[in-house]
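Listed below in structure tokens is the structure:
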């Protein structure tokens, strides 16, 4: 299947329904939710169920993970997206105050279970992690470290997306956010470790950090350290806690921690905020579309939240900070000073020439025209290259340090259209790059012209006109 083309639904069905009996059952299982009018998210759930089913049967290799299965699901999702039926409901972005209410609602749970969920929710929110990634942690992946006078929790996270756990991993250091008790991750981790040592003092390093458990008749949890906690059990537990707390919306899901944590890390953290590039690298997003979707959705949701419509704006003015300490005269002087600085004035002469006052001019009506995203987002996506070496690396491998998270040769049409002029220059250089296996061979062929990007581009264009490429 060509990744650049979007096949129709009929083409997909015709391509794969003619396979063997086993594969026909697989495609029918995947197509059943599609025939029910479900979205592509349901197709993902069906594939995940199939993967777990064949894994329980110990079928190796798993037929639900082969190349054809992945191509089929990708084609089905592209069909849904092309026809505007891939509009699954997004998770509610959890605010830090809602997280605090959720953590406080766990106080009525069993001591061990409450400590486990408090650390799980706090770490996933603070690190913007997926719940599935957190549940796959083992005890050799998590440790508390000291850095001088401060502490942090070191987590080796294995990247998890949909039905497969990737071999790639990344080590994260979660630092305590002292402004909010629910984000003091070191203390929550220490409390959980103390309960673990009391419950199971001799644990293997390969046992899971968040074990599966069942509540017995007397209310005591029975732990299974060699099976991780199931996502459905976490989902039901969170939903039960949300239903008991009237301050929490009912739309909280497992992904709310990742969505809300990303917004908190950029806009709300009083101690360490990320810029957009740092957030994309931290959350492992390859394009800015997902980053903008997470942040813009949260800001729009906050603006139309009915809980905030009748409340005073959260912005604190210089007057509200010390209202009890000023007099009426000081208040009047402050208002006059602010008006003179903000509004241009025209002198008006009264009956006596010695008395003049400043009459404020009516401010021009503000335009209500909606501002597009182009004002706030820079579409320059091709980074600057200082030499031929930089141009070579950016074309074939990419450079995350300059914001290029994939090679230039892998750009799609939409990305090229955003910065067409600079990409055209790199496309010209690629004609010369394609003639050589390594940069050393290219540098030898263009000796004296590779020290700067402009000299290399001029020489390549010259040889192209002369037909000497």
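In the UniProt record's numbering, the protein residues as written are 1 to 469. No residue lacks a Cβ here, since even glycine has one placed at the ideal position from N, Cα and C.
If contacts are defined as beta-carbon pairs under 8 Å, then residue i and residue j qualify, I think. What distance do you get, rounded to the angstrom?
| i | j | result |
| --- | --- | --- |
| residue 169 | residue 184 | That pair is no contact at about 25 Å. |
| residue 51 | residue 65 | 6 Å |
| residue 282 | residue 276 | Their Cβ separation, rounded to whole angstroms, is 11 Å, which puts residue 282 and residue 276 out of contact at 8 Å. |
| residue 188 | residue 119 | 5 Å |
| residue 261 | residue 128 | 4 Å |
| residue 254 | residue 235 | 6 Å |
| residue 121 | residue 99 | 7 Å |
| residue 341 | residue 269 | With a Cβ gap of about 32 Å, residue 341 and residue 269 do not count as contacting. |
| residue 110 | residue 251 | Rounded, the Cβ-Cβ distance is 27 Å, inconsistent with contact. |
| residue 124 | residue 134 | 5 Å |
| residue 395 | residue 430 | 6 Å |
| residue 447 | residue 436 | Contact flag wrong, Cβ pair sits at about 13 Å. |
| residue 272 | residue 175 | 7 Å |
From what residue to what residue does the alpha helix (DSSP H) around residue i run?
| i | result |
| --- | --- |
| residue 237 | 231-244 |
| residue 129 | No alpha helix (DSSP H) holds residue 129; DSSP gives it neither H nor E. |
| residue 456 | 453-466 |
| residue 386 | Counting along the chain, residue 386 falls outside any alpha helix (DSSP H), and DSSP gives it neither H nor E. |
| residue 263 | 256-263 |
| residue 267 | Taken as a continuous stretch (DSSP letters only), residue 267 belongs to no alpha helix (DSSP H), as it is neither H nor E. |
| residue 445 | 439-445 |
Would you mind sorting residue i into buried or exposed? The rule is 16 or more other CB atoms within 10 Å of its CB.
| i | result |
| --- | --- |
| residue 468 | exposed |
| residue 421 | exposed |
| residue 222 | exposed |
| residue 97 | exposed |
| residue 47 | buried |
| residue 259 | buried |
| residue 93 | buried |
| residue 198 | exposed |
| residue 386 | exposed |
| residue 105 | buried |
| residue 465 | exposed |
| residue 456 | buried |
| residue 382 | buried |
| residue 58 | exposed |
| residue 148 | exposed |
| residue 450 | buried |
| residue 471 | The structure shown does not extend to residue 471, since the chain is modelled only from 1 to 469, so the question has no answer here. |
| residue 200 | exposed |
| residue 294 | buried |
| residue 267 | exposed |
| residue 426 | buried |
So, helix, strand or coil for residue i, using DSSP?
| i | result |
| --- | --- |
| residue 417 | helix |
| residue 169 | strand |
| residue 104 | helix |
| residue 211 | strand |
| residue 427 | helix |
| residue 226 | strand |
| residue 158 | strand |
| residue 95 | coil |
| residue 412 | coil |
| residue 74 | helix |
| residue 181 | helix |
| residue 469 | coil |
| residue 249 | coil |
| residue 286 | coil |
| residue 192 | helix |
| residue 380 | With a pLDDT of 49 at residue 380, under the threshold of 50, the modelled position of that residue is not reliable, and the figure given next carries that caveat. It is coil, neither helix nor strand. |
| residue 51 | helix |
| residue 109 | coil |
| residue 448 | coil |
| residue 435 | coil |
| residue 67 | helix |
| residue 273 | coil |
| residue 58 | coil |
| residue 206 | coil |
| residue 90 | coil |
| residue 319 | Confidence in residue 319 is poor, its pLDDT being 42 and thus under 50, which makes the residue's placement unreliable; the coordinate value appears in the next sentence. In the structure shown, residue 319 sits in a helix (DSSP, three-state: H, G or I). |
Name the two residues that bound the continuous beta strand (DSSP E) containing residue i.
| i | result |
| --- | --- |
| residue 136 | First-last for residue 136: undefined, no H or E at that position. |
| residue 282 | Element bounds for residue 282: not the beta strand (DSSP E) but the alpha helix (DSSP H), 276-283. |
What residues are listed by DSSP as bridge partners for residue i?
| i | result |
| --- | --- |
| residue 197 | In the DSSP output, where bridge partners are listed per residue, residue 197 has none listed. |
| residue 153 | 144, 174 |
| residue 399 | 404 |
| residue 470 | With the chain represented from 1 up to 469, any question about residue 470 goes unanswered, as that position is not in the structure. |
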